Amino acid sequence: MGKKVKKDEKPPPDDVFDTLLVESRQAATVVLMLTSPEEDVQSKACEAIYKFVEKCDENKKLLLDLEAVDPLLNLIAGEDRTVRRHAIMALGVLCAHPDVRKALRKRPEAISSIVALLSPEEDSVIHEFAALALSLMATEFTSKVAIHEASGVEPLIRLLGSSDPDVQKNSIEAIAQLVMDYQARGMVREFEGLQPILDLMKSEYAIVQRLALLTLDRLTQDAENRRVLRELEAITKLLDVLAQPTLSDLHVMVVMVLSNLLEDTESLELVKDSGGLKRLVALITDQPPPEEDTKKGDKKGGSRAGKKSAKDSKGKKEDEAKEDAPVGGDSIIPTLPDVKMCAAKAIARSARNSENRKLLHEQEAEKMLIQLLTFDSADVQASAALALAVISEYVSARDAVKEWDGLPPLVKLLNSDNGDVKEAATLALANLTTANSVNCIEISNLGGIEALIACLGEVREEVVANAACALTNLAQDEGLRSDAQVKGVVPSLIDPLRSNNTNVQSKVALAVSAFTCDADSRQEFRESGGLEPLVLLLHSGNDEVRRNAAWAITVCGVDEPTATEICKLGGLQILQEIQMSASRHSPFIEAALQRLLDCNLSAKFALYNYLGPSNIIEDGFFDCGQLRQGTPFKTLEDYCRQEMDDKRPVILLNAKAGGETEGGDSGKAEEADVKADTSKTKETTSKANKSTKESKGKKGQKDKEKELERQRLEEEKSKAQREKEEKAREEELAAQREKEAELQSAEKAPFTPPPDPQLVKYIEEVSEKILPLPTSKAQVVALAEFVSEKLGGSIERGQVANFSWELPLSQVRFELKSNVIPMGRMKAGIHIHRALLFKALADRIALNCSLTRGEYNRAWNEVLLPDDDEDEPTAPKFPPKKYIVDLVHEPGALLTPDTQAAVSYMKL
């Protein structure tokens, strides 16, 4: 045996605690350990917390309640790297809970402490979880600002070049959240972060690629970033990704980024020059680019991949795939529907710029979109139709769409059950038919009119608005307008007028103005109840709605019945209110008001007290007196149905013959029959009385004979009385039936104004005697004398008040039992009556004459006459002068305006 060796073991110092192994199962105990001065204890406590909070969100909330956040913040700023690593791991996972993030936002030093861990001296694990914490914190706007202020963008961009994919993923995710704020987009560009982000598209990890594309989608919303990316050839790189079938899950996001990049004309020109646009078109339409059709490559792997993708995504037959698939490395695979949809939206977005529309047209982008219209996906069809609608704002594109047979699929889409498809198709047709009669005719030949009319009944409001716009364009062609009218477009426009959508109201009102250009359509529109909702649109607060409604009223108001109905519905009053408004008045309102007044001279004279030389009084004109502005205007029918009262009578000018004459003759015949019956009754009564007297005069007859005679007379009397009563009852029943028949016929028959045969005679006499006179002056003088003679003759100055004209007028009113008095029935009149008759007769013989109403029943006529009609032809000609015609005191005298005689004639 050897000699035992004594071990040299020194006992621990007296002031050092013996090693203690503690097992804890309470989170509170571990949180207390975070404040231990021993780094080993701190590290193990942080590691335990990291494992604990990874399990569930409830554990994160528990540690927050145990106030573990502050110790962890202190530890990530400590000197020991191991402690810092485990502390940021725990804190990074804790940040996934919103309450933890809220607590960290209340601590100003939290963000700066986390950003400090992104320094190059730290290891990749610290970088990973620090970036994770920032990506989670950046979901709130206030935290974004704090990260900017702590200069966190630059170290995050630097970490994009890390070899650790987790660091890359968390860093790019943090940047993606930060660039939602426009200020961060510029900071990424300043720190040269665009190139590293582009490089991440080559990553082996799909999540990193998707986050990179998401970041690019947000960064490319800045114009300066788009310029830098053009210089970095980002478009080419994106197209390369789009051409790879293995990256089909990224294609939608790639197209979204391209959509932003192609907003700039410079980008579109770059794509055009490099052939990238045709390449994009080929990728989206599943066809090879034109220049690559004949190229054959040796890489068969791409061909097989192309065939496989084609089989999986579109289900084509294998033999067709083998025949159609190109052999080259850039094989074209069928893209997903979402990619096609996003590509169409990208083109639509780019086409919002007028220069871009031109470039897209030159690259025949319409062809791709037309092919997508037939794709078996409603989203793709809607996006393609919308893109076509935007491109069609370029004039040449409208012809191109027709040449490439784009109209048939668009018309077919009008029958789709999908609302988005129908909305986009109607918008495309509306733009394609704008100022293009060839497209309008082609759409009509394809049955588009019926489909568009059917779209007016859709629930979707934008479909209705677009259909109305397209129909308005079609109505510019007279033949197409007539065709649409026959197919019922006018009644179909009435319900959309009641829509609450201002765009629908505006477009439909414009369509009404386009389709009511002829009398039949206006009548149909009026009888279908379209005037009421049209008039109500004048109350709209939208300027365009009011303008289009006023224009429609201007068109519809050409017919007197329509203008009268509009006035009855309050249109005239509304237009007057708008005319007095400084903010709502427009030339369209003025045109509509004048149209209503020109077609309703009775209302114009009542409201404005003036009729110009161009306002020709026709049959049915009436003067109801002066009305205040805003007073509802009644029709002649309303005045005729009123009971007679003591108010001012309504003077009617109606020279239409017939109508009521036969009724008057039948009335006279009935009166004659009544008189004849009365005379017969009197004769019978007298005979009966005579026989009675004779019977009483005989004194010598016997009593028996008297009794027999009395009985015989009583029998005759009772028999005659019974016959008379029966006849009276029969007449009463007949009269009642006749009255009911008259009422029914009156309800069914249209209203006809009371006739005025005397006015007809006046017109005949004037046409016969005054019209042949050689000069206008002679006609004026003769007509003035004629009017004065018919209405009581001349009146001495100052004696107008004593002139008896009211009593004869009241007598006529009593005879007619009506407030409406035909002008021909008047035998006496003063200024207003004579001026009115003069104007009516002057219009019949084409004399230039105006009518003005003054106060207190004063009115006068102005005529334009040359100085001397009998001058020689060689004499100089001067403009005609205005004269006021005296019809009262010296009939035929011509008064110069502004003279004392003229002023006294016009004013009391």
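125 is the number that our numbering gives to position 125 of the sequence shown; each next residue is one higher, with no gaps.
Ideal placement from N, C-alpha and C gives every residue a C-beta, glycine not left out.
Keep in mind it's a predicted model, so treat the numbers as computed, not measured.
Nearest candidate by alpha-carbon position, reference VAL885, set LEU865, SER513, LEU653, VAL490: The shortest C-alpha separation from VAL885 is found at LEU865.
Proximity of PRO491 and GLU442 at Cβ, strictly below 9 Å: It is not a contact, given that the beta carbons lie outside the stated cut-off.
Reference LEU620; option with closest CA among LEU178, LEU759, VAL257: Checking the sequence, you will find Gly at residue 620 rather than Leu. Comparing Cα positions, the closest option is LEU759.
Element boundaries [beta strand (DSSP E), containing THR916]: For the chain, the structure presents residues 1 to 908; residue 916 sits outside this window and is missing.
Coarse secondary structure for ALA150, derived from DSSP in three states: Residue state, collapsed to three classes: coil.
Coarse secondary structure for GLU862, derived from DSSP in three states: Taken through DSSP and simplified to helix, strand or coil, GLU862 comes out as strand.
Completely contained alpha helix (DSSP H) runs for the segment 475-538, where each covers 4 or more residues: Scanning the segment 475-538 from its first residue to its last, the whole alpha helix (DSSP H) runs of 4-plus residues come out as 478-486, 489-492, 494-497, 502-515, 519-527, 531-536.
With 16 other Cβ atoms within 10 Å as the buried cut-off, status of GLY479: The residue is exposed, with fewer than 16 neighbouring Cβ atoms inside 10 Å.
Nearest-angstrom beta carbon gap, ALA603 and PHE633 [assumed within contact, 8 Å]: With 8 Å as the limit, PHE633 and ALA603 qualify as a contact, their Cβ atoms being about 5 Å apart.
Strand pairing of LEU651, partner residues [DSSP]: A small correction: the amino acid at residue 651 is Ile; Leu does not occupy that position in the sequence shown. Bridge partners of ILE651: ASP623, ILE821.
GLY161, buried or exposed, once every other Cβ within 10 Å from all chains shown has been counted against 16: Burial state of GLY161 is exposed, judged by a 10 Å Cβ sphere holding fewer than 16 other Cβ atoms.
Assigned secondary structure, LEU895 (DSSP; H/G/I helix, E/B strand, else coil): The three-state reading of DSSP puts LEU895 in strand, counting E and B together.
Between the CA atoms of LYS144 and ALA156 - distance to the nearest angstrom: Note that residue 156 is Leu in the sequence shown, not Ala. Spanning the two alpha carbons is a distance of roughly 13 Å.
Helix, strand or coil at TYR883 according to DSSP, with G and I counted as helix: Strand.
Inter-stretch contact (C-beta, 8 Å, three-pair minimum) for the segment 568-580 and the segment 535-553: Contact between the segment 568-580 and the segment 535-553 is present: three or more C-beta pairs spanning the two stretches fall below 8 Å.
ILE832 versus PHE605 - alpha carbon distance: When rounded, the distance between both Cα atoms is 12 Å.
Alpha-carbon to alpha-carbon, ASP379 and ASP338: Going from the Cα of ASP338 to the Cα of ASP379 covers about 8 Å.
Endpoints, the alpha helix (DSSP H) within which HIS86 is located: HIS86 -> alpha helix (DSSP H) spans 81-94.
Per-residue DSSP class, three states only, for TYR610: Correct three-state label for TYR610: strand.
Classification of TYR205 by the beta-carbon crowding that lies within 10 angstroms, buried from 16 upward: TYR205 comes out exposed.
Local Cβ density within 10 Å of TYR883, reported as buried at 16 or more and exposed below that: So TYR883 counts as buried.
LEU895 to ALA470 span [Cα, whole Å]: Spanning the two alpha carbons is a distance of roughly 59 Å.
Cβ separation of MET137 and ARG84, assumed to be a contact under 8 Å, to the nearest whole Å: 18 Å between Cβ atoms; not a contact.
Coil, strand or helix - TRP805 by DSSP: Correct three-state label for TRP805: coil.
Where PHE375 sits in the DSSP three-state scheme: In the structure shown, PHE375 sits in coil (DSSP, three-state: anything other than H, G, I, E or B).
Neighbourhood of LYS827 by C-beta distance below 6 Å, restricted to the same chain and skipping five residues each side: Once the five neighbours on either side are set aside, the close Cβ partners of LYS827 are PRO808.
Where ASN353 falls: helix, strand or coil (DSSP): ASN353 falls in the coil class under three-state DSSP.
ILE916 - containing alpha helix (DSSP H), residue span: Residue 916 lies beyond the stretch modelled for the chain, which goes from 1 to 908, so this question has no answer here.
Spatial neighbours of VAL390 in its chain, beta-carbon cut-off 7 Å, leaving aside the 5 residues before and after: Cβ within range, chain order: ALA348, ALA351, ARG352.
Three-state class that DSSP yields for THR909 in the structure shown: Only positions 1 to 908 of the chain appear in this structure, which leaves residue 909 out of reach.
N- and C-terminal bounds of the alpha helix (DSSP H) containing LYS237: 234-242 is the extent of the alpha helix (DSSP H) around LYS237.
Distance between LEU369 and ARG279 (C-alpha atoms, nearest Å): Spanning the two alpha carbons is a distance of roughly 14 Å.
Whole-angstrom distance between GLU366 and LEU211, CA atom to CA atom: Looking at the two C-alpha atoms, the distance is approximately 32 Å.
Of the residues LEU238, ARG357, ARG158, ALA902, the one placed nearest GLY854, counting alpha carbons only: Minimum Cα distance to GLY854 is reached at ALA902.
Outcome for ASN225 when other beta-carbon atoms lying within 10 angstroms are tallied against a minimum of 16: Buried is the call here.
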